[in-house]
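In my numbering, the protein residues as written are 1 to 539.
Below: the structure, in structure tokens.
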């Protein structure tokens with residue numbers, strides 16, 4: 001209870017400011033503020049649609065349902081939505097401590113891992129971003145699945161296996177990144193559960209539960225470890241298929257060569273490690289950039305060297321092997337070999353993978369202190385210093401998430417060629433009435449990404465509203481050339497032509513908007529107004 005109380009106090013002290021933060025432009029609109037499914041509240045129809053929709057290029061029905069519940073209780077009060085994320089993050093930290101403590105019996109090492117998980121700056125994005133509910137929610141079920149698995153390994157009952165399976169299903173329904181969990185369980189089988197027993201010699205036997213077990217039987221046990229997880233692997237496979245279908249519109253792999261994607265992947269693995277120790281210059285979005293082939297080769301060599309090193313000490317220091325391959329393995333779905341979206345990497349992707357790194361740090365440091373026979377003060381002083389520094393850094397990072405303008409201006413300080421930051425800053429400036437500032441940043445987006453549909457649509461609309469109709473129409477048409485299914489862009493073109501007095505042309509675009517989005521209220525009103533004008537003209 002003492003450690004749990006300390007964890008809760010620490011997390012709420014560092015993160016509490018998030019309850020005063022606003023929604024941000026990027027994804028919060030798609031997930032909450034402009035989402036009719038979510039704003040419809042928790043209804044039978046809404047739940048059904050949550051299981052059938054692929055909005056935001058994702059299939060995560062439980063995440064949609066959680067947002068519906070929030071909206072039902074809190075409406076569009078951003079502080080309360082943030083508080084729910086914070087509560088899940090706190091629960092995840094507590095569950096992580098319980099899991100490691102149950103698995104190893106090492107209370108203080110487990111607490112150290114939980115603290116690092118709770119307050120590391122790279123985890124701010126997963127907690128402070130309302131749209132990342134899927135991160136904290138899915139991790140909650142990740143932790144519960146492992147808790148169920150621990151119980152299953154002890155009691156071997158169908159009931160515990162079923163509960164574990166149910167938790168895993170709920171996790172996959174929250175976010176498909178949990179497809180790596182069966183592999184993570186195999187790592188835990190190796191250490192600390194010690195269920196592999198692969199280092200026995202032919203003449204060796206091991207005494208387990210009062211029975212002499214031969215090497216042949218041990219190998220059979222190893223095969224059984226895979227067999228018992230077949231239902232989990234099948235669920236993961238199904239989830240992968242559904243996810244690839246849902247994200248088909250966001251897959252960018254064909255836009256990038258395999259070499260480029262592999263280079264970015266190995267580079268990202270190393271950058272994440274650097275940011276573990278030096279968590280600065282963290283941004284909302286990291287655009288792709290040219291990676292020198294020599295740099296990519298160097299990163300690959302670093303990864304290989306670390307992998308070989310931890311394998312070399314696998315018998316003596318198994319936690320290094322498990323921690324390292326936990327990090328490598330759980331990052332695979334989002335490392336970019338199958339590229340989803342335009343980012344090269346993202347802080348939120350480290351939420352689960354960093355657990356492996358934190359295990360390596362906590363266990364290694366404590367072992368060194370014990371091996372050198374140093375006093376406990378030698379252990380606690382550096383840990384306290386790290387705790388204070390991380391807490392301060394995380395507190396500062398959370399402050400950057402208070403609104404879109406603050407977040408995007410910070411991202412542009414790190415990299416001015418961040419087109420996503422320009423786009424979201426433009427939207428924030430438009431909302432506060434700074435039209436000139438919004439136009440300037442939308443033009444920066446198009447300098448960096450000329451075919452960006454959002455920027456072309458919004459810039460075209462703003463230019464039309466400020467008297468530059470011809471240029472505005474060209475941008476709107478460019479957006480439709482890139483994606484001919486944008487209902488709102490057809491509607492915006494209809495508005496431009498209607499206000500110019502061309503009701504016939506306006507009605508044509510309003511009708512196209514209605515075709516793309518049946519029930520589009522603005523399009524229906526536009527058609528009626530255009531018809532009225534045409535009838536009056538004919539009179």
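Where is the CB? At the ideal position from N, CA and C, for every residue including glycine.
All figures in this text were calculated on a predicted structure; none of them were measured in a lab.
If you draw a straight line from the Cα of residue 227 to the Cα of residue 274, it is about 37 Å long.
In the three-state reduction of the DSSP assignment, residue 1 falls in the coil class, being assigned neither a helical nor a strand state. Classified as exposed, residue 485 has fewer than 16 neighbouring CB atoms from the shown chains inside 10 Å of its CB. The beta carbon of residue 475 sits closer than 7 Å to the beta carbons of 456, 459, 460 and 463 from its chain, once the five residues preceding and following it are set aside; these are given in chain order. With the rule of 3 Cβ pairs closer than 8 Å, the segment 103-111 does not count as touching the segment 172-186. For residue 319, no pairing in a beta bridge is given by DSSP. Shortest Cα-Cα distance from residue 31 to any of 292, 316, 122 and 66 involves 66.
In the structure shown, the three-state DSSP call for residue 468 is coil. Looking from the CA of residue 246, the closest CA among 51, 38, 473 and 8 belongs to 51. Contact check for residue 345 against residue 404 fails: the beta carbons are separated by 7 Å or more. Judged by beta-carbon spacing, residue 285 lies beyond the 7 Å limit of residue 179, meaning their Cβ atoms are not closer than that value. When the five nearest sequence neighbours on each side are left out, the beta carbons in the same chain lying within less than 8 Å of the beta carbon of residue 412 are those of 418, 421, 422 and 425, in order along the chain.
Between the alpha carbons of residue 88 and residue 186 lies a distance of about 26 Å. Here residue 366 has 109 as same chain residues with Cβ atoms under 6 Å from its own Cβ, once five neighbours each way along the sequence are excluded. Counting along the chain, the unbroken beta strand (DSSP E) around residue 343 starts and ends at 343-345.
Take residue 497, set aside five residues on each side of it, and the residues of its chain with a beta-carbon closer than 7 Å to its own are 505, 506 and 509, in chain order. For residue 141, the enclosing alpha helix (DSSP H) has its first and last residue at 133-155. Annotation: the continuous alpha helix (DSSP H) that includes residue 104 extends over 78-104. Rounded to whole angstroms, residue 495 and residue 466 show a C-alpha spacing of 14 Å.
Judged by their CB atoms, residue 341 and residue 261 are not nearer to each other than the 7 Å cut-off. Under the 10 Å beta carbon count, residue 324 is surrounded by 16 or more other beta carbons and is classified as buried. Remark: three or more beta-carbon pairs, one from each stretch, lie closer than 8 Å, so the segment 304-324 and the segment 188-199 are flagged as touching. In terms of Cα proximity to residue 468, the closest of 500, 381, 430 and 222 is 500.
Residue 286 is bridged by DSSP to 345.
Here residue 33 has 23 and 76 as same chain residues with Cβ atoms under 7 Å from its own Cβ, once five neighbours each way along the sequence are excluded.
Between residue 170 and residue 62 the beta-carbon gap is near 6 Å, inside 8 Å, which marks them as a contact. Taking 4 residues as the shortest admissible run, the segment 27-72 contains the following complete alpha helix (DSSP H) segments, listed from N- to C-terminal end: 36-39 and 44-52. When C-alpha distances from residue 450 are compared across 479, 259 and 159, the shortest belongs to 479.
Each residue's CA atom was taken as its position, placing residue 120 and residue 515 some 48 Å apart.
Around the beta-carbon of residue 150, 16 or more other beta-carbon atoms lie within 10 Å, marking it buried. Contact between the segment 305-318 and the segment 142-159 is not established, with fewer than three Cβ pairs separated by less than 8 Å. In this structure, 58 is the residue among 163, 160 and 58 with its C-alpha nearest to the C-alpha of residue 134. In the assembly as shown, residue 388 is an exposed residue. Its beta-carbon has fewer than 16 other beta-carbons within 10 Å. Nearest neighbour of residue 488 by Cα position, chosen from 502, 503, 519 and 471, turns out to be 519. Cβ-Cβ distances below 6 Å link residue 513 to 487, 490, 491, 520 and 523 in the same chain, with the five nearest sequence neighbours on each side left out; the list follows chain order.
In the three-state scheme derived from DSSP, where H, G and I count as helix and E and B as strand, residue 229 is classed as coil.
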